[in-house]
Every structure is written in structure tokens, then in C-alpha cells.
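Please read the structure below before turning to the comments.
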Amino acid sequence: MGSLLTSLLGVGSNPDIDVPDPATGLTPREKMAVRRIWDIVKADIKQNGIELLIIFFKSNPSHQRYFEAFKDVSLKDLPSNRKFQAHCTSVMYALTSVVDNLDDTGCLVEMLTKLGQNHHRHGITRQEFIDLKEAVLKLLTKKLASKFTCEDKAALSKTLDVAYSVIFTGLEGQNL
0 MGSLLTSLLG
10 VGSNPDIDVP
20 DPATGLTPRE
30 KMAVRRIWDI
40 VKADIKQNGI
50 ELLIIFFKSN
60 PSHQRYFEAF
70 KDVSLKDLPS
80 NRKFQAHCTS
90 VMYALTSVVD
100 NLDDTGCLVE
110 MLTKLGQNHH
120 RHGITRQEFI
130 DLKEAVLKLL
140 TKKLASKFTC
150 EDKAALSKTL
160 DVAYSVIFTG
170 LEGQNL
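Numbering follows numbering that gives the first Met the number 0, in which position 85 of the sequence shown is assigned residue number 84; successive positions increment by one, without gaps.
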């Protein structure tokens, strides 16, 4: 059964499955885990985005001040606020773009540097991104339960750390 499973998953025949990509440090196994998990998440991207930012604001109420369009909207009213919904969807599409471009580091670096630069203009710091990562991990732990394994969590955490290293460069007004 084990060899059948590894054959079906395609990992048994690949001796490089645990060899890190020199550009990202992510292994093919980690990339597969992140893609598998994110495929589940993006099936309901808008609702998951809403839940993500609700978790983010519940854990970090002061962060809502950065969002002019809904900074004064109560947590209970946020899910029905169209501007909030639009931003939630944008956040999820940005995260999806990271996952979709894990093998295209040139594109990924440009995209993430620009994301950092755009957020720099709004006064966003590293801490808000770090807090968002925690919210992402909380959301997936809650939503996916046993489907979100320790290995999946480690792979996603590492992926976000890699992405954040580039975002932080743009956030601090630097170009790569």
C-alpha cells in the first residue's frame, strides 16, 4: 500500500523531493503541501478571506486603523461591508499569487517587492505582516483541522517567511 501511495503521489520516484530550491529554500515536498492546502482554501476564497481578516482584527484590534474604508466599522458589521469584502478578496488573491508563483521566483520577487512598497506608503510595518501570518495559520488550523498537518503548517510558515523576506525589502523602501 505504501509504494502504491507514493507512486500515486509522485514522491516515491523523485529523489530530489527534499532538495531545497536554491532561490527559495523550499523543497518540492513543501511546495506540494502548500499547493494542496491552498487549493482547499481558495475554493471559497471570499469567505475564507473574510474569516482571515476577522481573526486578524480580533487578535490585533489596532491594525484596523490602517484601513481607511472600514477603520470605524465594528467587527460584527465588517463581514457585510463591501469594501471590507473587496479587501479580503484582494488579500487572498495576493496569497494565491505567492502559491501560484513558487516556481517563478523572478515574478514572485517583483510582485512581493511591489506589495511591500505599496504597503510602506500606508505605514504598514513588519509586525502587521507577522500578525497576518499568525492569522493565516489560525484560520487554516480552525478550518482544515486534521487536513492541516504539522508538516503542512511548517511548509506554509516557511513559505510565508520566504515571501515576507522579499516583502520586507520593499516595505523598507529598498529594491532587490
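Backbone N, C-alpha and C fix where the C-beta goes; we use that ideal spot for every residue, glycine too.
For I129, the closest C-alpha among the options I44, L170, K146 and S89 is that of L170. The alpha-carbon separation between L25 and T104 amounts to approximately 11 Å. For E50, the uninterrupted alpha helix (DSSP H) run begins and ends at I44 to S58, by DSSP. Here the segment 160 to 167 makes contact with the segment 120 to 138; the two share three or more CB pairs at distances below 8 Å. In the structure shown, K70 adopts coil according to DSSP, grouped into three states. Look at T140 here: in three-state DSSP terms it is helix. Counting C-beta pairs with one atom in each stretch, the segment 26 to 35 and the segment 68 to 81 have fewer than three that are closer than 8 Å, which means they do not touch. If you draw a straight line from the Cα of S96 to the Cα of K41, it is about 11 Å long.
Between G115 and F167, the beta carbon gap of about 6 Å places them in contact (Cβ cut-off 8 Å). DSSP, reduced to helix, strand and coil, places T158 within a helical segment of the structure shown. Distance from the CA atom of I54 to the CA atom of M91, rounded to whole angstroms, is 14 Å.
Within its own chain, no residue has a Cβ closer than 7 Å to the Cβ of N117 once the five positions on either side in sequence are excluded.
Per DSSP, the unbroken alpha helix (DSSP H) holding L94 starts and ends at R81 to D99. Secondary structure of N117 (DSSP, three-state): helix.
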